[in-house]
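Beneath this line is the structure, given in C-alpha cells, with notes to follow.
Here it is as C-alpha cells:
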C-alpha cells in the first residue's frame, strides 16, 4: 500500500527488525505490528479482506501487542470512511473518516498516493524554512482564508500534544513538525482517543492512542529526526 519500503527502512534505521508480510499467521506471531498505507481507504480495506488479514489484525490489537497505524493505517481503524462512497472500516475506533470541507483538489495537483509514491525512493521531504514553518504552523490565522487551502493537505505541519503521557512522545516536543499527505481526516467520537491535534483550515485529529494502539495521520518515516524518534520509541516498547 504505497509506502512500505520507506517505513521498513526507517524502522530498521532505529534498530527494529522488520518482516513485510501478508501472512495472517505471521501477523499473529509478531511482537509488534505496523500498518502503513497510502491511497483510497475503501480499496485498502477491500484488499485486507481479500488477503484474509482483517481477523488477524483485529486479534493482534485485542491481544495487547503494540500496534502502529500510519496514514491510511490510521483511517482504516475507524468505523466508516466516506472516501469515494461509504466503506465499512475495521471498527476499532468509534468515528468516521471525512473529507476536508473547504476545497476541492487543485487541477494537476498530486493525489496523496501519487505524492507518497513519488517520494518513496528514500529521499526525505525538505524541512520547512523558518518563514515557511511559521506560516504552516499558524494556520489559525488562515482559517478565514481557508478557501485558498488546497486538498490534499501535503507538507509539514505543527502538532499539539493532547495526551502528554503517550510513550511514543518521549524526546519529542510540543509543536514539533511532521509530514502530512492526505485528503481525508479522522473524526473520533471519543475525544479521549485523540493523542495529537493539528490544523489545516480547521482543527483535526493528527493521531490517536488507546492502550497498545497508536496511529498517526502524518508519516513518521518521512518526518526526519522527530519521526525517527517516534518510531524508535515504538520499537523500544
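Numbering (the working numbering), first residue to last: 11 to 247. Virtual Cβ for every residue (Gly too), placed ideally from N, Cα, C. Keep in mind that this is a model prediction, so the values were computed, not measured.
Ignore the nearest five residues each way along the sequence and tell me which others in residue i's own chain have a CB closer than 7 Å to its CB.
i	result
residue 228	188, 189, 190, 216
residue 88	99, 103, 105, 106, 107, 196
residue 117	Bear in mind that a pLDDT of 37 at residue 117, under 50, signals an unreliable position, so the number given afterwards is only what the model happens to contain. Contacts found: none.
residue 18	28, 30
residue 176	205, 219
residue 14	30, 46
residue 199	104, 105
residue 101	89
residue 32	61, 63
Among residues of its own chain, excluding the 5 on either side of residue i, which ones have a beta-carbon nearer than 6 Å to its beta-carbon?
i	result
residue 154	Here residue 154 scores only 41 on pLDDT, less than 50, and its place in the model should not be relied on; the value that follows carries that caveat. If we look at residue 154 and ignore the five residues flanking it on each side, it has no Cβ neighbours.
residue 224	78, 178
residue 236	182, 186
residue 129	Only weak support is given to the placement of residue 129: the predicted model assigns it a pLDDT of 48, under 50, and the value that follows is read from those uncertain coordinates. Once the five neighbours on either side are set aside, residue 129 has no close Cβ partner at all.
residue 214	195
residue 212	none
Excluding five sequence neighbours on each side, which residues of the same chain lie with their C-beta closer than 8 Å to the C-beta of residue i?
i	result
residue 29	36, 40
residue 150	Because residue 150 carries a pLDDT of 44, less than 50, the predicted location of this residue cannot be relied on, and the following value inherits that uncertainty. Around residue 150: 209.
residue 74	221, 222
residue 90	96, 97, 98, 99, 106, 107
residue 54	11, 47, 82, 86
Short check: CB of residue i to CB of residue j, under 8 Å?
i	j	result
residue 194	residue 109	yes
residue 247	residue 231	no
residue 244	residue 58	no
residue 168	residue 185	yes
residue 50	residue 94	yes
residue 234	residue 181	no
residue 10	residue 172	Outside the shown range of the chain (11 to 247) lies residue 10, about which nothing can therefore be said.
residue 207	residue 170	yes
State the beta-bridge partners of residue i as determined by DSSP.
i	result
residue 45	79
residue 31	DSSP output for residue 31 lists no bridge partner at all.
When the cut-off is 8 Å and only beta carbons count, does residue i lie next to chain C?
i	result
residue 222	Looking at the structure shown, chain C is missing, and only one protein chain is on hand.
Which runs of the beta strand (DSSP E) at least 3 residues long sit entirely within the stretch 158 to 215? Give them in chain order.
163 to 168, 187 to 192, 194 to 198, 204 to 210
Write down every uninterrupted run of the beta strand (DSSP E) in the stretch 56 to 122 whose length is 3 residues or greater and which is fully enclosed by it, in chain order.
77 to 80, 88 to 91, 103 to 109
For the stretch 54 to 71 and the stretch 20 to 27, state whether three or more C-beta atom pairs, one from each stretch, are separated by less than 8 Å.
no
Check whether the stretch 37 to 46 and the stretch 69 to 89 are in contact - that is, three or more C-beta pairs closer than 8 Å.
yes
Would you say the stretch 40 to 49 touches the stretch 73 to 83, given that touching needs at least three Cβ pairs under 8 Å?
yes
Secondary structure, beta strand (DSSP E): runs of 3+ residues fully inside the stretch 216 to 244
223 to 226
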